[in-house]
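Protein chains in written order, with our numbering: chain R, 1 to 380; chain D, 1 to 380. Ideal placement from N, C-alpha and C gives every residue a C-beta, glycine not left out. See below for the structure under consideration.
There are 2 protein chains.
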Amino acid sequence: MDIALLGHGTVGRGVDEICAKLDGVDVTRILELPDRLTDERMTSNFQDILDDPDITLVLECMGGLEPAHTFIADALAAGKSVVTSNKAVVAHYLQEFVELAHTTGSQLICEAAVGGGVPWLSSIRQVRRIDEISSVSGIMNGTTNFILDAMHKGDADFAETLAEAQRLGYAERDPSADIDGIDVANKVVISTLAAFDALTTVDQIPVTGIRHFSKTDEETFKAHGRTVKLIGRAVREGDRFACAVEPVAMPDFTVEASIPSNFNILSLDAETVGPLKFYGQGAGSLPTGNAMVQDVLDYREGKRPAFRIDPDLIWDATLLTGDYVIRTTANLPVDGKVYGANARLIEGINAEEAYALLTTARETDSEAMIFARPRKALFK
Amino acid sequence: MDIALLGHGTVGRGVDEICAKLDGVDVTRILELPDRLTDERMTSNFQDILDDPDITLVLECMGGLEPAHTFIADALAAGKSVVTSNKAVVAHYLQEFVELAHTTGSQLICEAAVGGGVPWLSSIRQVRRIDEISSVSGIMNGTTNFILDAMHKGDADFAETLAEAQRLGYAERDPSADIDGIDVANKVVISTLAAFDALTTVDQIPVTGIRHFSKTDEETFKAHGRTVKLIGRAVREGDRFACAVEPVAMPDFTVEASIPSNFNILSLDAETVGPLKFYGQGAGSLPTGNAMVQDVLDYREGKRPAFRIDPDLIWDATLLTGDYVIRTTANLPVDGKVYGANARLIEGINAEEAYALLTTARETDSEAMIFARPRKALFK
Numbered sequence: 001m002d003i004a005l006l007g008h009g010t011v012g013r014g015v016d017e018i019c020a021k022l023d024g025v026d027v028t029r030i031l032e033l034p035d036r037l038t039d040e041r042m043t044s045n046f047q048d049i050l051d052d053p054d055i056t057l058v059l060e061c062m063g064g065l066e067p068a069h070t071f072i073a074d075a076l077a078a079g080k081s082v083v084t085s086n087k088a089v090v091a092h093y094l095q096e097f098v099e100l101a102h103t104t105g106s107q108l109i110c111e112a113a114v115g116g117g118v119p120w121l122s123s124i125r126q127v128r129r130i131d132e133i134s135s136v137s138g139i140m141n142g143t144t145n146f147i148l149d150a151m152h153k154g155d156a157d158f159a160e161t162l163a164e165a166q167r168l169g170y171a172e173r174d175p176s177a178d179i180d181g182i183d184v185a186n187k188v189v190i191s192t193l194a195a196f197d198a199l200t201t202v203d204q205i206p207v208t209g210i211r212h213f214s215k216t217d218e219e220t221f222k223a224h225g226r227t228v229k230l231i232g233r234a235v236r237e238g239d240r241f242a243c244a245v246e247p248v249a250m251p252d253f254t255v256e257a258s259i260p261s262n263f264n265i266l267s268l269d270a271e272t273v274g275p276l277k278f279y280g281q282g283a284g285s286l287p288t289g290n291a292m293v294q295d296v297l298d299y300r301e302g303k304r305p306a307f308r309i310d311p312d313l314i315w316d317a318t319l320l321t322g323d324y325v326i327r328t329t330a331n332l333p334v335d336g337k338v339y340g341a342n343a344r345l346i347e348g349i350n351a352e353e354a355y356a357l358l359t360t361a362r363e364t365d366s367e368a369m370i371f372a373r374p375r376k377a378l379f380k
Numbered sequence: 001m002d003i004a005l006l007g008h009g010t011v012g013r014g015v016d017e018i019c020a021k022l023d024g025v026d027v028t029r030i031l032e033l034p035d036r037l038t039d040e041r042m043t044s045n046f047q048d049i050l051d052d053p054d055i056t057l058v059l060e061c062m063g064g065l066e067p068a069h070t071f072i073a074d075a076l077a078a079g080k081s082v083v084t085s086n087k088a089v090v091a092h093y094l095q096e097f098v099e100l101a102h103t104t105g106s107q108l109i110c111e112a113a114v115g116g117g118v119p120w121l122s123s124i125r126q127v128r129r130i131d132e133i134s135s136v137s138g139i140m141n142g143t144t145n146f147i148l149d150a151m152h153k154g155d156a157d158f159a160e161t162l163a164e165a166q167r168l169g170y171a172e173r174d175p176s177a178d179i180d181g182i183d184v185a186n187k188v189v190i191s192t193l194a195a196f197d198a199l200t201t202v203d204q205i206p207v208t209g210i211r212h213f214s215k216t217d218e219e220t221f222k223a224h225g226r227t228v229k230l231i232g233r234a235v236r237e238g239d240r241f242a243c244a245v246e247p248v249a250m251p252d253f254t255v256e257a258s259i260p261s262n263f264n265i266l267s268l269d270a271e272t273v274g275p276l277k278f279y280g281q282g283a284g285s286l287p288t289g290n291a292m293v294q295d296v297l298d299y300r301e302g303k304r305p306a307f308r309i310d311p312d313l314i315w316d317a318t319l320l321t322g323d324y325v326i327r328t329t330a331n332l333p334v335d336g337k338v339y340g341a342n343a344r345l346i347e348g349i350n351a352e353e354a355y356a357l358l359t360t361a362r363e364t365d366s367e368a369m370i371f372a373r374p375r376k377a378l379f380k
């Protein structure tokens, strides 16, 4: 099978290397910038790839929104299937890509976009052959888990830990997409469609990151037997669904609290199979390249994974109702028990209400934070 | 697709119910005892199923070694593929079944035998399309994890906790296969073949269960920041491999230490994808029935998973060398640091040597116990 790569950076080279070792998968074309055409297979003209009738599968290894979006859309419109690990472009243009793929009978394949080398979207599809999935959730970002785990186990504050993560290559120079929760929100958008056929957008989801997570917050929750993790989640009941991305103070004894370093864990709940969890490296060029090649091999074996959009599913924020801790010096018009330094526990509000409270608090206290605080009895 | 069920007990009925809801999978024949033929599809003559040319797939839902072994062998010999969750019969007759399947081009499919509803063997196969697997390990038995978790979190001793597990249906009336580690050993035999193509037997593996795990042992390890889990594992280096089943004192901060109640976690390590872990219900009629039906659906989609036996792989116990804690009142000819009440830490012995020490100790102290004690630095 002939395939084309768009981009020959870290991920593209990794894919190229893995494919070279496999029988029957040939990288015959590579799109690169005009000044980087170091290989006979390379071209800087995407039309060369679209016009090649032997290429049925295109692997997008560029990252970013443009020109990745245009190339993916053009490939799908031309009836070529696309494999990508680019969660930002997939989440941003999900409806367009899914509709294009349906129209031309091509496939949008993005297993590597969520969980890296962890078989997450494929497991969701497998479970749904028999079961209804009622929730998906997890630690979906390695950078923030590295920071939270290091702060939980060591003495450094947020800024020092972020700097260490950058030094080790676990965080980018501009870490905003990770620490503000945007990367997780992209993965929640994709997982929500895979699990429920429900289309949402990053703008619809209440998203709180960990940029203002302080050493004092860490100590407050440690005193309560809890470990803070950045969790993305989506739930469904009947024809209603809701999603959130927020720091969650998990009881110390839970599996989620134990996830170390830059690892991910992705969980689903289904009727007959019960809860399933999948753990692994969520990023990195080798796990990501590996996952993209797994998608290629599945395609070669005849697997044709398809997303479906059910227009009857309705957003209902009340599905995510629980207890929250808000830590702020702002005056807020809510009651709540004292939970720690400047922190109050507010019971029985939903994720959108919690996010609105945080937004109000940040008008006068720009470093305010909010944390979901699930009841321990839920995990016994 | 027409399929036959052998047995209509708890698992068989569960499979029958799930299949009734699916399009295109018809249970047309069911083997049952002569006095239990309550349904037109039922027969007590296995030959009726062998002679039915429309049936290409037979689901063994009986349990036990005989007659399950004979029926599975006869079906494979007749060119019919077999789906089973019966780890005892698969582990016991693995070589015979694999060779029969190769001869006739049929398949032995036993995803549900290890990890219940957790996609374990299929993930091993998927990973191996690209990677070499260097180790598999995990908590593979829900009954013993329920007991160990309850003893870790509560005050009850082993006998009280086992009785509670029996009352809740998590342990059988005769719990020997679970608490003596035999069930885990069966799963290690199957996982070792799937991961490395290495054939072993339960008799070759050093197997220590938890029957004599005491409240004092629990307190000893708790004082060292460790949680005892029953772990099955197998490692490979080049053309050598080794396996063990033993209680392992895991550091409290590890994922394994956090696994609650009757859940399982299965781990593998591979070169490019790194460590992957899979968590879920390892047993129960719904997860098991679900996993067997997943096997049926994969078969219908054209998947033909095959085991292979590589005769050049050699058992080498030294691959599993580490530190062990032995707790006994027996006099043993080994030095070791004091670790707790009657417990000594012995460094740098392998799993077979540890098992031999335990066997010697039990000549005069029938309740002696041994525990692997991996170094904490391994998990940082």
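Secondary structure remark: continuous beta strand (DSSP E) runs of at least 3 residues inside the segment 34–98 of chain R, in chain order: 55–60 and 81–84. Between residue 107 (chain D) and chain R, the shortest Cβ-Cβ separation is not below 9 angstroms.
Inclusion of residue 234 (chain R) and residue 310 (chain R) in the CB contact set at 9 angstroms is not warranted, their separation being larger than that value. Three or more beta-carbon pairs separated by less than 8 angstroms link the segment 152–168 of chain R to the segment 207–216 of chain R, which places the two stretches in contact. Restricting attention to alpha helix (DSSP H) runs no shorter than 4 residues, the segment 172–260 of chain D encloses them at 176–179, 182–196 and 215–223, ordered along the chain. Between the segment 9–26 of chain R and the segment 44–64 of chain R there are three or more C-beta pairs closer than 8 angstroms, enough to call the two in contact. In the DSSP assignment, residue 153 (chain R) falls outside any beta strand (DSSP E) and lies within the alpha helix (DSSP H) extending over 142–153. Contact residues of the segment 275–289 of chain D toward chain R are 275, 276, 277, 278, 279, 280, 281, 284, 286, 287 and 289 (C-beta to C-beta distance below 9 angstroms).
For the segment 302–319 of chain R, residues whose beta-carbon sits nearer than 9 angstroms to a beta-carbon of chain D comprise 302 and 303.
Across the structure, residue 121 (chain D) and residue 266 (chain D) are spaced so that their CA atoms are roughly 10 angstroms apart.
Annotation for residue 205 (chain D): 185, 188, 243, 244 and 245 place their beta carbon closer than 7 angstroms to its own, counting only its chain and skipping 5 residues before and after. Using a Cβ-Cβ cut-off of 7 angstroms, residue 296 (chain R) is close to nothing in chain D; its nearest Cβ partner there is about 10 angstroms away. Taking a beta-carbon distance threshold of 9 angstroms, residue 123 (chain R) counts as an interface residue toward chain D. In this chain, residue 32 (chain D) is not harboured by any beta strand (DSSP E), its DSSP state being neither H nor E. Runs of the alpha helix (DSSP H) lying entirely within the segment 247–328 of chain R and spanning at least 4 residues, in chain order: 285–300. For residue 377 (chain D), there is no enclosing alpha helix (DSSP H), as DSSP gives it neither H nor E. Inter-segment contact for the segment 31–38 of chain D and the segment 78–97 of chain D is absent: fewer than three beta-carbon pairs are separated by less than 8 angstroms.
By the criterion of a C-beta distance shorter than 7 angstroms, residue 320 (chain D) is surrounded in its chain by 235, 242, 244, 350 and 351, once the five residues flanking it on both sides are discounted. Legend: CB atoms of the segment 348–373 of chain D lying less than 8 angstroms from CB atoms of chain R are not found in any residue.
Nearest to residue 207 (chain R) by alpha-carbon distance, out of R:102, R:225 and R:178, is R:178. The beta carbons of residue 354 (chain D) and residue 324 (chain D) sit about 4 angstroms from each other, so the pair counts as a contact at 8 angstroms. When rounded, the separation of the alpha-carbon atoms in residue 2 (chain D) and residue 226 (chain D) is 51 angstroms.
In the three-state reduction of the DSSP assignment, residue 343 (chain R) falls in the strand class, which pools E and B.
Contact between the segment 365–375 of chain R and the segment 268–284 of chain D is absent: fewer than 3 CB-CB pairs across the two stretches fall below 8 angstroms. Residue burial annotation: residue 39 (chain R) is exposed, with fewer than 16 other C-beta atoms found within 10 angstroms of its C-beta. Between residue 148 (chain R) and residue 277 (chain R), the gap from beta carbon to beta carbon reaches 9 angstroms or more. When DSSP states are grouped into helix, strand and coil, residue 348 (chain D) belongs to the strand group. In terms of beta-carbon proximity, residue 95 (chain R) stays away from the interface with chain D, with every pair separated by 9 angstroms or more. Rounded to whole angstroms, residue 112 (chain R) and residue 103 (chain D) show a C-alpha spacing of 38 angstroms.
A distance below 6 angstroms between beta-carbons, with the five flanking residues on each side excluded, links residue 81 (chain R) to the following residues of its chain, in chain order: 57, 106 and 107. The CB of residue 211 (chain D) never comes closer than 7 angstroms to any CB in chain R; the least such distance is about 26 angstroms. In the structure shown, residue 366 (chain R) falls within a coil segment according to DSSP collapsed to helix, strand and coil.
DSSP, read as helix, strand or coil, puts residue 138 (chain R) in strand.
Taking 9 angstroms as the cut-off, the beta carbon of residue 6 (chain D) is found no closer than this to the beta carbon of residue 22 (chain D). Secondary-structure assignment with DSSP links residue 3 (chain D) through a beta bridge to D:27 and D:57.
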